[in-house]
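K.L.:
Supplied in C-alpha cells, the structure appears directly below.
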Amino acid sequence: MTALLKVDALLDDLEQGLRSVLQARQIERPVLIGIRTGGVWLADILHKRLGLDEPFGELDISFYRDDFSRIGLNPRVRPSHLPFETEDRHIVLVDDVIMSGRTIRAAMNEIFDYGRPAGVILATLIDLGSRELPIQPDVVGQRLNLKANERVKLKGPDPLSVELRNADAEPEGA
Numbered sequence: 001m002t003a004l005l006k007v008d009a010l011l012d013d014l015e016q017g018l019r020s021v022l023q024a025r026q027i028e029r030p031v032l033i034g035i036r037t038g039g040v041w042l043a044d045i046l047h048k049r050l051g052l053d054e055p056f057g058e059l060d061i062s063f064y065r066d067d068f069s070r071i072g073l074n075p076r077v078r079p080s081h082l083p084f085e086t087e088d089r090h091i092v093l094v095d096d097v098i099m100s101g102r103t104i105r106a107a108m109n110e111i112f113d114y115g116r117p118a119g120v121i122l123a124t125l126i127d128l129g130s131r132e133l134p135i136q137p138d139v140v141g142q143r144l145n146l147k148a149n150e151r152v153k154l155k156g157p158d159p160l161s162v163e164l165r166n167a168d169a170e171p172e173g174a
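Numbering-wise, the UniProt record's numbering puts 126 at position 126 of the sequence shown, and it's gapless, one number per residue.
Next up, the structure:
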C-alpha cells in the first residue's frame with residue numbers, strides 16, 4: 001500500500017519556516033545547496049519561491065559517505081556544482097529526508113572543502129528522527145515516526161510527490 005503526503009502543504013511549511021529562520025538570523029543573501037537528488041529538486045523550488053538572485057548549488061556526496069568503502073561508488077555519481085564561493089557565506093543546505101544524519105555530515109564535509117561558510121542552515125522536507133549523529137534540521141516540512149516496515153520516498157521532479165510505502169508489501173527491487 002502506498003499513501004501520498006500533501007507535498008504542496010509540506011513545501012509551504014518548509015518555505016515559511018525558512019523565511020522565519022532567515023529573518024530571525026538577519027540573513028539577507030543566503031545561497032542554497034541541494035543534496036542530490038531530492039534535495040536538488042527542493043532547492044530549485046525554494047530558490048524560485050524565495051526569489052534569490054544567485055543560482056543554487058548541487059552536491060553529490062558519494063565520495064564523502066562514511067560507507068563508501070563498504071558499498072562502493074554509486075553508478076550515477078556526478079560532480080558537485082557550486083556556482084558561488086562558500087567562504088563566509090550563509091548557506092541553506094537542503095535535503096529531502098533526514099534520518100540518521102550521516103548524509104548531512106557528508107554534505108557538510110564537502111561544503112567545508114570548498115571553504116568555511118559563515119553558517120549553515122539545514123532545511124529538510126521530512127524528518128524521520130532515528131539519529132545516529134547529533135545533527136538536527138533548523139527547518140522541517142513534516143516530522144514522521146515510521147514503523148519498521150514503512151519507507152518514505154520523494155519522487156519527481158515533475159510532478160513532485162512524497163510516497164509513504166509499506167516495505168513488506170513491495171515486490172523485490174521496487
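Backbone N, C-alpha and C fix where the C-beta goes; we use that ideal spot for every residue, glycine too.
Among VAL7, ASP95, ILE126, GLU110, which residue has its Cα nearest to the Cα of PHE63?
P.N.:
In the sequence shown, counting from the first residue as 1, residue 63 sits at position 63. Minimum Cα distance to PHE63 is reached at GLU110.
K.L.:
Determine the burial state of ALA24: buried for a count of at least 16 other Cβ atoms within 10 Å of its Cβ, exposed for fewer.
P.N.:
Numbered from its first residue, the sequence shown carries residue 24 at position 24. An exposed status is given to ALA24, since fewer than 16 other beta-carbon atoms sit within 10 Å of its beta-carbon.
K.L.:
Among SER100, VAL77, ASP113, LYS155, which residue has its Cα nearest to the Cα of THR86?
P.N.:
For this step, residue 86 is matched to residue 86 along the sequence shown. For the residues SER100, VAL77, ASP113, LYS155, the minimum Cα distance to THR86 belongs to ASP113.
K.L.:
Anyone know if the C-beta pair for GLU28 and VAL40 falls short of 7 Å?
P.N.:
The residue labelled residue 28 in the question sits at position 28 within the sequence shown. The residue labelled residue 40 in the question sits at position 40 within the sequence shown. Not in contact: GLU28 and VAL40 (Cβ atoms no closer than 7 Å).
K.L.:
With a cut-off of 8 Å on the beta carbons, I'd call VAL139 and LEU14 a contact; round off their distance for me.
P.N.:
As a position in the sequence shown, residue 139 is number 139, starting the count at 1. As a position in the sequence shown, residue 14 is number 14, starting the count at 1. Indeed they touch by this definition, with Cβ atoms about 6 Å apart.
K.L.:
Cβ of SER80 less than 7 Å from any chain B Cβ?
P.N.:
The chain inventory of the structure shown lacks chain B, comprising one protein chain alone.
K.L.:
To which residues does DSSP link ALA123 through a beta bridge?
P.N.:
Locating residue 123 in the sequence shown gives position 123, where the first residue counts as 1. For ALA123, which the question treats as bridged, DSSP gives the partners VAL94, VAL139.
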